[in-house]
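With my numbering applied, the sequence shown has no gaps in its numbers, which climb one by one up to 282 at the end. Heads up, the beta-carbon is just placed ideally off N, CA and C, and yes, glycines get one too. Because the structure is a prediction, the values reported are computed rather than measured. Note sheet for the following structure.
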Amino acid sequence: MHTTPLATTLAAPGINGLQLFGAVTLTFFAFASGICLLAGLRGSDRIKIQNRDQAATWGFITGALWVNAGGTWADFANSLGEVGKGATTDTGLGDPGLGGSACILLLLAWVWPFKQRLLWPALLGLMGAVLAWQAGGIPGMVVGIIRALVSKLAGG
C-alpha cells in the first residue's frame, strides 16, 4: 500500500522548501533592497520612508544585504563602509575600533536631528551595517540574522 504524506499533497507546485520566489539569489535581494531604498527616499507612493528611523532601518537592511550578496554589491558596500570608518577613526579623538565605528554611525543615524533630509540616516545605517558585519559581535549578529533569513527565502 502506497501512502502520500499530507504535506506533499498540500504544497503548491513550484515551491521547494521556503523558496517562495522561485530561483533567486542574495543578489536579487540586494538589488531589490537598493531599488526600494532609493524609491522610498525619492517619495514613492508604494514605499513609505517618512522619518529618520525608517530611513536608517532601510539603510541598515540594504547594507546587510549588499555586503552578504558578494561580488560588486559587497565591493560597493565595503567602499561605503570605508567612508564611515574614515569618518570615525581619523578624527584625532582616538580609534574606536570597527564595532565602535559601527555603533557611532548607527547612533548618529538614530539621534541626530536630520529634519526631513532622509538620505543621511539611510547612508549612516548602510555604512553602520557594513562595519557591524566586519566587526562581528552583537551588531554583526544582527547582520548575520538578516542574511540567514533572506538566504532561506532564496532557497539557500
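By a beta-carbon distance limit of 8 Å, THR188 does not contact GLY166. Their separation comes to about 10 Å. In this structure, DSSP gives ILE175 a state outside helix and strand, which the three-state scheme calls coil.
The DSSP-derived three-state label of THR151 is coil. Excluding its 5 nearest sequence neighbours in each direction, LEU191 has C-beta neighbours in its own chain below 6 Å: PHE155, ALA156 and SER159, listed in chain order. Nearest to THR214 by C-alpha distance, out of ALA203, ALA181, SER205 and CYS229, is CYS229. Contact annotation: the region 192-203 does not touch the region 211-225, with fewer than three C-beta pairs closer than 8 Å.
With respect to LEU252, LEU206 sits close: the two C-beta atoms are nearer than 8 Å.
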